[in-house]
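Just below is one structure, and these are the notes that go with it.
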Amino acid sequence: MPAKYGNIQEEELKNKVAHDYFANYDSTPIIGKIDFCIAVPQDGAELFETESLLWAEAKAGTKKDIYESFVQLILTIGKARTFDQHLPPTFLGAFDAEKIAFLSYTNIIDVFYQNDFNWNVTPSDHETKEFKQLYEQVKSSIERDVLLYRFDTDDKELHKFIRSNFIVGKSRLSKIRINKNNFTHVYQKWVKEVKAKINIDWDVAQSAGILDVDFYFADLLSKDNLTLKDKLFVLLKNDHYILDRRINDTGLKENKIAEFQDNGIAHAQFWNRYSRPPKREYWNFMIERRDMLVPQDVRERKGSYFTPQKWVELSQQYLAAELGENWQDEYTVWDCAAGTGNLLNGLTNKYNIWASTLDQADVDVMHDRIVNGANLLDSHVFQFDFLNDPFNKLPQPLQDIINNEEKRKKLVIYINPPYAEAANKRTVTGNGENKTNVAVKNLMYEQYSSKIGIAGRELFAQFFIRIYYEIPSSVLAEFSTLKILQAPNFRDFRATFRAKLGRNFCVPADTFDNVKGKFPIGFFIWHLNQKEDFQKTVSNVYEDDGVFLGTKTISVENTSKSINDWIIETRNRDGEKRIGYMSAKGNDFQNTNYNFIINEKKQLPHPRGTWITDKNIKEISIYFAVRHCIEPTWLNDRDQFLYPNDGWQVDEEFQSDCLAYTLFNNNIQSQYGVNHWIPFTEQEVDAKEKFESHFMSNYIAGKWPTQTTVQGRLWDKDTQPQPILFSPESQAVLNAGRKLWCYYHTQSGSNPNAALYDIRLYFQGTNDKGKMNVTSTDKYYNSLIITLRQRLKELAGKIEPKVYEYGFLLK
């Protein structure tokens, strides 16, 4: 059967669908680059925000995979962050000439807040890795929840669906309803329009743990300017807020008051546009997701995180397997970094559960959750600064357990602690400032830093070391990165923190809200009453959807030197000729992007690395190839590269493979100096002029001065220099590279001294931000560079087993 709307243009299709199905609504709004918008109509001038009912992607013709249209729409919205400028709709949609589909915006809202996803891609390009990644991520949700109608056979049902779900109520809505789709958007507007009118020094307030989000919730969950939930940290009382309510030493109630600077005019005008409170069914969701509105730096320091429920449930399964089926009745559980307490969801014996947190606002949220059915006791939830407060401030029953050795053996410290550190990647690259106050303001840092060294800069390490020393013989069940097991900076920590590691698992870090980066977070159960040095564990691994992936061996060599210790030994050899500089930060996969080869050290703002010379090019090539031949993943992110054994010294094929790999992976540019890295002669590539340097082609041909101090046999001082023999895989790389150079030198104005980077830049050009484009308009060049990359990938696969054989990585 032919499609209802036939073979018409996209604009005509949108007009016909709007006329046939959405005549009672406003189909004229233009919102960003979204194809099609249906909104609540307004009478006269638009005094209020457009309240969208549908944002949709339209495609002319008939498109088999309507899921791709949804993904394109999601990318369009996410790239422009349209939800920050406009109220999100009730539905997302996609349609073509034969069908239309609807999906509740609620179903995909979390997609827009995921970490480390590159939204800066072209939404209409369905071949990008980001498009495919998002497609796989949302496809199952769309399949499960989408409502699909065909225009020809489902016409009546489609009209009925629209009448039932696109409810206008009246021609003009004076107030916008707040729900779990848009409450974060409304918060952003509240910050701009209301926050500044509250008579508070927000910088001072935040340092004291008072956050604007709690004032927003006081407003949001109110009616007639009176907050309806008295368990919140901040309450709205007509024309002012009250907060920090407590009983003073005389037994009298006292609190703090915050008033408006403008007699509440901005506040009143803002809330005139919105209907308060939201439906009661949304209240708990909004309060539990308070973490979505807490500033990043506060989350890092105070641990305001929402542990995904699937990992909460999994961790409790592991605890049951480790401690026994009846563990919840036999053990007491204390979450001393509880936030709003979601890690404790699913525990059944509330009489054995304790929860403390740094912020009183979070305590108030937990008390409110108790009123609404959370399985906790009011008296077991309290404010406590674990890194500063003495244990005599704890409730007496919990003190009794901590002070009794036998009772401590049945105490589980169950936490997902804060992870802030005094320096981060922005600091290293010069774009941020050291967070020096993260550590030094804590009593635990002052007390234990001499025992755990650099690890003391990390808040979670401070939690663990206090538990180890001051709550001995207990069980520590914790979420953390793998630094505790592998990182060189944690060597002193591991020497001090000697406990038996029990069951554990690893999951992707970016499944935790507000956690950035592709690395593993583990759940580990430590028995503090058994002293052991950690050496190795086999950890179960789960993908982001909770599916079991397999196992990973995590091991540490506390006495081993690193790969950087190895390459440092190649510095300052006699008679060296500098041909480049290698940046070499860190010893693990997470620092792979900091390992690259350039012309000069001065090209880097904060260089860490070594000069490349005629005396260490062999080792440099091995170092570089070893660190790049294996693709970094979230799972290997913290794996450490080590000082190798001597096997590589007699493996000439391995050495030459690494050289071939490095020759076509560097960032040498002719604009920064003489290019010593051309592996071909002028005749081989038919260059228009003579090269300034023949170092690399001579080096490969064995035409170079005799070495005096280089290790190994291939280019040893006692051996007459010989041409380097390349394996078939390396020859394939060189052949692919030679074709690329030859094609480049046919171009008008080609630079005879061009490096690979220069050739790529010539063909690919740059975008409006000055960054090199991904592809070229020259199809033949594209085929050449694709072939070269494929040959390099094959060569990397050949090198990889030797990385483990020679001890650069542990299995």
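Each residue of the sequence shown is one higher than the one before, starting from 293 at the first, in this note's numbering.
Backbone N, C-alpha and C define an ideal beta-carbon position, used for all residues, glycine too.
The alpha carbon of Arg436 has as its nearest neighbour, out of Ser396, Lys452, Trp411, the alpha carbon of Ser396. With three or more CB-CB distances shorter than 8 Å, the region 778-789 counts as touching the region 750-759. Per DSSP, reduced to three states, the secondary structure at Trp411 is coil, with no helix or strand assignment.
Beta-bridge analysis with DSSP links Gly814 to Ser772, Cys798. About 25 Å separates the CB atoms of Val833 and Leu820; that is not less than 8 Å, and the two are not in contact. Inclusion of Arg790 and Glu614 in the CB contact set at 8 Å is not warranted, their separation being larger than that value.
When the Cα atoms are used, Ile434 and Gly385 turn out to be separated by approximately 11 Å. Each residue's CA atom was taken as its position, placing Asp837 and Asp621 some 31 Å apart. Relative to the Cα of Gln301, the nearest Cα in the group Leu439, Ala352, Ser344 belongs to Ala352.
In the DSSP assignment, Glu750 falls outside any alpha helix (DSSP H) and carries neither an H nor an E. The alpha-carbon separation between Arg758 and Pro709 amounts to approximately 13 Å.
With fewer than 16 other CB atoms across the displayed protein chains lying within 10 angstroms of its CB, Ile549 is exposed.
Beta-bridge annotation (DSSP): Ser854 is paired with Leu934. Within the region 634-710, the complete alpha helix (DSSP H) runs of at least 4 residues fall at 652-663, 688-694, 697-700. Taking C-beta atoms under 8 Å as the contact rule, Tyr964 and Asn1065 fail to qualify, at a distance of about 21 Å. About 5 Å separates the Cβ atoms of Pro381 and Leu346, confirming a contact at the 8 Å cut-off. Residue environment analysis places Arg538 among the exposed positions, since fewer than 16 neighbouring C-beta atoms fall within 10 angstroms of its C-beta. Inclusion of Phe674 and Pro687 in the CB contact set at 8 Å is warranted, their separation being smaller than that value. By the CB criterion at 8 Å, Asp656 and Leu524 fall inside the cutoff. Shown here, His451 sits in a helix according to DSSP, grouped into three states.
8 Å or more divides the Cβ of Ile746 from the Cβ of Trp626.
The DSSP-derived three-state label of Glu546 is strand. Around the beta carbon of Gln609, fewer than 16 other beta carbons lie within 10 angstroms, which makes this residue exposed.
CA-CA distance, Tyr313 to Val403, rounds to 29 Å. By the criterion of at least three beta-carbon pairs nearer than 8 Å, the region 554-569 is not in contact with the region 577-584. Assignment of beta-bridge partners to Met1064 by DSSP yields Thr1058. Taken atom to atom, the span from the alpha-carbon of Phe987 to that of Lys844 is near 43 Å. Straight-line measurement puts the Cα of Gly324 at about 8 Å from the Cα of Ala372. Per the DSSP secondary-structure output, Val767 pairs in a beta bridge with Val704, His819. Collapsing the DSSP output to three states places Asp627 in a strand. With a cutoff of 8 Å on beta-carbon distance, Leu635 and Val604 are scored as near each other.
With respect to the 8 Å criterion, Trp926 and Pro764 are not classified as neighbours on the basis of their beta carbons. Each residue's CA atom was taken as its position, placing Asp880 and Leu934 some 9 Å apart. For Ile358, the enclosing alpha helix (DSSP H) has its first and last residue at 358-372. Val1095 counts as buried, since at least 16 other C-beta atoms from the protein chains shown sit within 10 angstroms of its C-beta.
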